[in-house]
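Down below is the structure, laid out as structure tokens.
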Amino acid sequence: MSKSHRRPPLSPEAAQIVRALQAGRPSRRSMLTGAGALGMGAFLAACSTSAPGATGSATGGAAGTGTAPAGKPSPAVDTSDTDKVVNWANWTLYLDFDDKSKTYPTLEAFQKKTGIKATYTEDIEDNDSYYGKVQAQLKAGQDIGKDIIVLTDYMAARVIRQGLVQPLVESVMPNKTRILPNLAEVSYDQGRKQSLTWQSGYAGLAWNKAKVPGGLKNVSDLWNPDLKGRVEVLSEWRDTLGLIMMEQGKRIDGKFADADFENALAVLEKQLNDGQIRQVKGNSYKEDLISEDALAVIGWSGDIFQLVAENGDKWDFAIPEAGGTLWSDNMLIPVGSPHAKNASTLMNYYYDPKVAAEVAAYVNYICPVQGAQAEMEKIDAELAKSKLIFPTETDLAKVQVFYSLDPETETKYTEQFQKVLGN
Amino acid sequence: MAIASVAHTGPAAPPPAPAGRSRSLTPYLLLLPGIAWLTIFFVVPIVTLFGTSLQVPAEGGETGVFVQAFRFANYVDAVTEYWAQFSRSFVYAGIATVLALAIGYPLAYMIAFKAGKLRNLLLVLVVAPFFASFILRTIAWRQILADEGFVVSSLKWLHVIPQTATVTASAVAVVAGITYNFLPFMTLPLYASLERIDPRLLEAGSDLYGNGFTVFRKVTFPLSLPGVVAGTLLTFIPAAGDYVNAALLGRQPGTAMIGNVVESRFFRIVDYPTAASLSFVLMAAILVLVFLYIRKAGTEELV
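Chains A and B, in that order, are what the protein sequence lines are. Just so it is clear: in the first sequence, position 359 is 359 by my numbering, and no numbers are missing. Just so it is clear: in the second sequence, position 44 is 44 by my numbering, and no numbers are missing.
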């Protein structure tokens with residue numbers, strides 16, 4: 001189409017009016033040029049002032065704050081005694097919730113007992129994105145408005161290593177000694193000085209009982225042609241690839257060869273490219289189990305029990321015969337928090353066996369507190385027998401904790417995994 | 001004022017004399033808030049982003065720690081590694097834009113010329129989806145089009161689609177999702193420019209023996225071009241950078257768009273320099289495409 005067709009023809013008079021109007025004010029083009037020149041000036045000015053400021057700073061987000069990469073931020077001054085509040089960021093469906101009153105019963109009781117006002121938010125969608133969101137502020141030593149955050153082992157290890165959290169105030173934590181023996185010592189935090197387990201859980205196999213009547217015993221059962229396009233695995237690669245590696249007879253609780261990792265990755269890649277795996281997902285695999293887009297998944301133990309509680313007894317969970325992963329989520333106090341003592345008081349409260357049992361009865365993950373099983377008897381005798389809340393020796397023998405990778409290896413593996421996902 | 005004087009002096013009149021000095025400053029003063037805003041929220045971040053894109057990992061390999069350098073090879077690496085995702089983004093965005101135009105144009109035309117009393121109601125319906133978060137709406141589509149859902153089961157029962165077909169978790173679903181999410185951005189500018197058309201021009205077209213189609217081709221469509229240009233830009237630009245649709249409706253590894261790569265590089269791998277270079281390349285590529293498009297379509301209509 002030629003130019004003349006594109007524009008409505010104007011009468012000579014109309015054209016005159018348009019021309020006059022345009023002459024009476026700067027034309028749009030000259031305005032844009034002016035703005036461009038001004039913009040360019042600002043650009044250059046910004047270049048000359050902020051580029052050196054950005055030098056040496058850890059990230060774009062922190063540019064200009066002048067933090068040195070080597071220097072770790074120092075903890076904020078604790079104002080807990082005068083400012084009786086604690087702000088807690090946690091994952092979804094991770095604290096007992098009363099649908100009727102829309103409150104968290106154990107948290108209400110905590111406020112009554114201690115007079116500390118607690119604010120609870122389900123802010124953490126996954127480890128990586130939460131780290132991405134808060135790390136720049138934490139590296140600058142700023143308060144992120146949270147006094148407790150909850151992160152999985154490897155991310156807890158990272159924030160402790162980088163000095164982004166502060167020590168617990170152990171003087172107000174007599175219950176801390178009640179932690180399960182196998183959780184008391186972790187490689188990333190000797191003596192649990194900066195972290196305390198919130199809940200633990202398994203990654204294993206889950207399936208729709210009606211559509212997969214035989215159930216699943218091993219990861220390779222997911223590759224059954226009948227399930228083509230209806231299988232989902234976790235985007236937390238330690239769980240997905242950890243399970244595949246164990247199926248291949250490797251251990252994941254100590255250093256392994258790159259080739260072991262790559263062999264497991266090759267299995268994942270093949271199943272993705274063949275269309276056997278529908279999607280690789282975080283928490284949202286639960287919705288796909290409900291809609292039945294996914295019939296068999298690598299998933300987390302507590303999730304499946306909550307699904308059953310809310311949507312009927314349609315799914316089952318098992319630790320693969322070759323082994324599953326055991327992970328923990330840990331409570332930590334961000335370095336900028338001025339309420340470390342209040343936060344520690346709250347952690348101590350949740351290590352009271354009675355309170356821990358109440359939480360476990362709702363979340364159905366492994367309860368990290370000794371003595372909670374006896375308290376659970378009083379709440380729900382059935383749950384007190386649950387192997388997923390109070391693990392048996394046999395189950396614990398079947399699961400492994402993914403070992404702490406050094407940052408370089410962690411980056412390398414994550415990158416390889418993401419590339420297989422097409423990213 | 002100016003109009004009146006022109007009307008009186010006739011077609012040959014020279015343009016009025018340029019206004020005084022104080023007046024010529026006014027536009028710049030008026031621009032000041034905008035420029036300040038752009039400087040703080042666009043120029044400064046973009047300079048920082050550019051700085052980040054040239055950084056290299058710090059010694060010792062600690063996660064998320066980078067030092068400033070001028071490693072322009074970051075860009076080469078990013079593009080050679082991810083050219084497939086770049087092209088996929090532009091192809092998906094292009095198809096979605098064409099589809100949105102094909103759906104949005106008749107819709108806007110109908111609302112502008114044929115809706116009568118229903119016009120306002122229909123406009124509200126076009127805008128109504130904005131009342132809910134678009135992530136929620138995209139998740140809703142996943143449930144509506146689930147394998148065992150009513151829609152897909154019915155289509156399978158009618159043998160419209162093969163028994164093993166899945167609707168979600170596919171490239172088609174991603175493009176459809178983008179089209180759906182950006183349709184209002186296409187429809188509203190189209191409506192605005194169609195609605196402004198003087199009906200007398202259409203009458204004149206008919207009076208000059210143009211049939212319905214000819215009038216549309218020679219009068220209506222050319223007059224609606226500003227809307228088409230604005231609508232396609234408003235759809236294409238955000239669509240090319242979108243990652244939500246590919247994340248929710250796509251299927252790894254075949255549907256990852258460049259937005260997903262940036263997300264993965266930034267949050268998962270914690271590789272800020274590559275994420276920043278990818279963002280920069282995306283911006284530059286969009287800028288070039290839009291520039292070429294506007295050169296072709298003409299800016300004058302973009303009022």
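We put the beta carbon where it would ideally sit given N, CA and C, even for glycine.
Residue i, buried or exposed, once every other Cβ within 10 Å from all chains shown has been counted against 16
i       : result
I111(B) : buried
Y209(B) : exposed
F70(B)  : exposed
V333(B) : Limits of chain B in this structure are 1 at one end and 303 at the other, which puts residue 333(B) out of reach.
S224(B) : buried
L292(B) : exposed
E203(B) : exposed
K255(A) : exposed
L101(B) : buried
F41(B)  : exposed
R142(B) : buried
N260(B) : buried
S74(A)  : exposed
S154(B) : exposed
Q190(A) : exposed
Q22(A)  : No answer about Q22(A) holds up, because its pLDDT of 49 lies below 50 and its placement is not dependable.
F72(B)  : exposed
W300(A) : buried
F280(B) : buried
L421(A) : buried
Boundaries (first-last residue) of the alpha helix (DSSP H) holding residue i
i       : result
M257(B) : Per DSSP, M257(B) belongs to no alpha helix (DSSP H) and is neither H nor E.
Q199(A) : Where Q199(A) is concerned, there is no enclosing alpha helix (DSSP H), although the beta strand (DSSP E) it sits in stretches over S195 to N208.
K412(A) : P407 to V420
M283(B) : Y272 to A297
M173(A) : Run containing M173(A): none; DSSP gives neither H nor E here.
W300(A) : W300(A) -> not in any alpha helix (DSSP H); beta strand (DSSP E) instead, spanning A296 to W300.
N120(B) : R119 to V127
V98(B)  : A73 to Y109
Distance CB(residue i)-CB(residue j) smaller than 8 Å
i       : j       : result
N208(A) : K314(A) : yes
S328(A) : S200(A) : yes
L222(A) : V231(A) : yes
Q252(B) : Q279(A) : yes
V369(A) : P353(A) : yes
A140(B) : E292(A) : no
P189(B) : A230(B) : yes
T63(B)  : E236(A) : no
I304(A) : A206(A) : yes
L319(A) : G145(A) : Looking at the sequence provided, one finds Ile at residue 319(A) rather than Leu. For I319(A) and G145(A), no; Cβs fall outside 8 Å.
A372(A) : A360(A) : yes
N330(A) : S195(A) : yes
S80(A)  : F267(B) : no
K193(A) : L168(A) : yes
A78(B)  : L278(B) : yes
L289(A) : L272(A) : no
V219(B) : G241(B) : no
P57(B)  : F66(B)  : yes
Contact set for residue i: own chain, Cβ-Cβ below 8 Å, skip 5 residues either direction
i       : result
F134(B) : N181 and V244
A37(A)  : Annotation note: pLDDT 39 at A37(A) (below 50); position unreliable, no value reported.
V172(A) : K341, S344, T345 and N348
G141(A) : T67, P73, S74, A76, V335 and G336
Among the options, nearest to residue i - alpha-carbon criterion
i       : options                               : result
V85(A)  : Q416(A), T114(A) and P353(A)          : T114(A)
I148(A) : S291(A), T197(A), A397(A) and P213(A) : T197(A)
S170(B) : Y92(B), F131(B), L194(B) and V65(B)   : Y92(B)
F402(A) : Y362(A), R251(A) and D352(A)          : R251(A)
T325(A) : L289(A), M246(A) and L383(A)          : M246(A)
A397(A) : I379(A), A322(A), E358(A) and T414(A) : A322(A)
V297(A) : G312(A), D239(A), D99(A) and N87(A)   : D239(A)
Own chain partners of residue i with C-beta closer than 7 Å, once the 5 adjacent residues on each side are dropped
i       : result
P407(A) : none
A428(A) : The structure shown does not extend to residue 428(A), since chain A spans only 1 to 423, so no value can be given for it.
S220(A) : E247
Neighbourhood of residue i by C-beta distance below 6 Å, restricted to the same chain and skipping five residues each side
i       : result
K270(A) : none
G229(A) : G275 and R278
Host beta strand (DSSP E) of residue i (start-end)
i       : result
D316(A) : W315 to A318
M331(A) : G324 to P334
D123(A) : K117 to I124
E232(A) : V231 to L234
V150(A) : I148 to T152
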